[in-house]
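Enquirer: Dropping the structure in here first, questions after.
Residue numbers (our numbering): 621 to 931.
Quick look at the structure:
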């Protein structure tokens, strides 16, 4: 039985097979815990596909790019070329790039109409004076389908994020595989572990839109709108967080301990805040708002009919 302590501090006597088992289990933990490099992206694309199968595909494609990067990372770890992660804090630049890619994908889903995006529209406030195109409110325009191919790009970029799990994988496990030929394998198995969990979460996120009794047209419209907003606004949040970390690196070390020994659950830090903001506030908040709006719209015809029937 492998304990958490052993998993995070692997013995030096592991065989290649045991190294791969450790790598896979680390990947499972990484995918199962709220990580800012995985959850916001999987949520956005999975919700946008509004089905269990679509969500699973989103989780798979994201993890595909992520796995490729992790295989490269463990190869660098074996060759002793990954020390730049110990010398430089890349969280800020990674947040910026991830945010920009998210924003581009979100702008595509929203048909590029959100050149000027009023925050008050997102949260149900009064419409801004410039939020109309051709007489149609911007938030009522038909959104495009969510481009799942972008999830692979997201996975490649997000893979450059570095945390406790990646540190164990790169500096404790990868150097012990014994041959350059095997060097990509720990990263591959870590990615497969992450992929397993992201597929599960993708399926759950993708099925959220089916919980309410909405028409297929309503589900499609709401799902795309929520995905687009989560990607666009979430991307802006990531970019701002990245700029803040670059300007003030100490922000990245701020944390409130929770007492939980599992990485990603052991403290509340900027990564936790990003997950809660993008998935919770923007994603789930936008979803609830759109579902309520659809419910009110459906209620209006019946109310009008009942008034018309009075004498």
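By construction, the Cβ of each residue, glycine as well, lies at the ideal position given by its N, Cα and C atoms.
Have a look at residue 838 and residue 914 and give me their C-alpha separation to the nearest angstrom.
Expert: Position 218 of the chain shown, counting from 1, holds the residue named residue 838. Position 294 of the chain shown, counting from 1, holds the residue named residue 914. Looking at the two C-alpha atoms, the distance is approximately 7 Å.
Enquirer: Classify residue 649: buried if its beta carbon has 16 or more other beta carbons within 10 angstroms, exposed otherwise.
Expert: The residue you call residue 649 lines up with position 29 of the chain shown. Buried, because 16 or more other Cβ atoms sit within 10 Å of the Cβ of residue 649.
Enquirer: Which whole-angstrom value describes the C-beta separation of residue 666 and residue 679, a residue pair presumed to lie in contact below a C-beta threshold of 8 Å?
Expert: Here residue 666 corresponds to residue number 46 of the chain shown, with the count starting at 1. Here residue 679 corresponds to residue number 59 of the chain shown, with the count starting at 1. Confirmed, Cβ separation roughly 7 Å.
Enquirer: Is there contact here, the stretch 813 to 822 with the stretch 889 to 909, by at least three beta-carbon pairs under 8 Å?
Expert: The stretch 813 to 822, when compared against the stretch 889 to 909, does not touch it at the 8 Å Cβ threshold.
Enquirer: Between the Cα of residue 766 and the Cα atoms of 802, 683 and 729, which residue gives the shortest distance?
Expert: Within the chain shown, the letter at position 146 stands for residue 766. Residue 729 is the option with its Cα nearest to residue 766.
Enquirer: So is residue 873 buried or exposed if we call it buried at 16+ other beta carbons inside 10 Å?
Expert: The residue labelled residue 873 in the question sits at position 253 within the chain shown. By the 10 Å Cβ count, residue 873 comes out exposed.
Enquirer: How many Å lie between residue 898 and residue 764 at the Cα?
Expert: What you label residue 898 is simply residue 278 of the chain shown in a count that begins at 1. What you label residue 764 is simply residue 144 of the chain shown in a count that begins at 1. Residue 898 and residue 764: Cα-Cα distance of roughly 21 Å.
Enquirer: Assuming residue 643 is part of the alpha helix (DSSP H), what are its boundary residues?
Expert: Indexing the chain shown from 1 puts residue 643 at position 23. Its alpha helix (DSSP H) spans residues 636 to 652.
Enquirer: Between which two residues does the alpha helix (DSSP H) harbouring residue 887 extend?
Expert: In the chain shown, counting from the first residue as 1, residue 887 sits at position 267. Segment 887 to 889 is the beta strand (DSSP E) holding residue 887; no alpha helix (DSSP H) there.
Enquirer: For the stretch 695 to 702 against the stretch 841 to 851, are there 3 or more C-beta pairs whose distance is under 8 Å?
Expert: Counting Cβ pairs under 8 Å, fewer than three are found: no touch.
Enquirer: If you scan the stretch 833 to 915 from start to end, which runs of the alpha helix (DSSP H) of 4 or more residues do you find wholly inside it?
Expert: Counting whole runs of 4 or more residues, the stretch 833 to 915 contains the alpha helix (DSSP H) stretches 836 to 867 and 890 to 895.
Enquirer: Output yes or no for whether 8 Å exceeds the beta carbon distance between residue 705 and residue 782.
Expert: Position 85 of the chain shown, counted from the first residue, corresponds to residue 705. Position 162 of the chain shown, counted from the first residue, corresponds to residue 782. In contact: residue 705 and residue 782 (Cβ atoms closer than 8 Å).
Enquirer: Considering only their Cβ atoms, is the gap separating residue 826 from residue 674 smaller than 8 Å?
Expert: Taking the first residue of the chain shown as 1, we reach residue 674 at position 54. Taking the first residue of the chain shown as 1, we reach residue 826 at position 206. Contact flag set, yes.
Enquirer: Return the first residue and the last residue of the alpha helix (DSSP H) that residue 774 is part of.
Expert: Here residue 774 is taken as the residue at index 154 of the chain shown, counted from 1. Where residue 774 is concerned, the enclosing alpha helix (DSSP H) stretches over 770 to 778.
Enquirer: Out of curiosity, what's the CA-to-CA distance linking residue 885 and residue 878?
Expert: Indexing the chain shown from 1 puts residue 885 at position 265. Indexing the chain shown from 1 puts residue 878 at position 258. Cα-Cα distance, rounded: 7 Å.
Enquirer: Which of the three DSSP states is assigned to residue 673 in this structure?
Expert: Stepping through the chain shown from its first residue, residue 673 is reached at position 53. If DSSP states are grouped into helix, strand and coil, residue 673 belongs with the helices.
Enquirer: Kindly list the residues whose CB is nearer than 7 Å to the CB of residue 806, restricted to its own chain and excluding five residues on each side of it in sequence; keep chain order.
Expert: Counting from 1 along the chain shown, the entry for residue 806 is found at position 186. Taken in chain order, the residues that qualify are 639, 640, 643, 694, 789, 793, 794 and 797.
Enquirer: Give a yes or no on whether the C-beta atoms belonging to residue 911 and residue 819 are separated by under 8 Å.
Expert: Numbered from its first residue, the chain shown carries residue 911 at position 291. Numbered from its first residue, the chain shown carries residue 819 at position 199. Against a cut-off of 8 Å, the Cβ pair of residue 819 and residue 911 comes out as no contact.
Enquirer: From residue 775 to residue 663, what does the alpha carbon distance come to, in whole angstroms?
Expert: As a working mapping, residue 775 is identified with position 155 in the chain shown. As a working mapping, residue 663 is identified with position 43 in the chain shown. So the two alpha carbons sit approximately 13 Å from each other.
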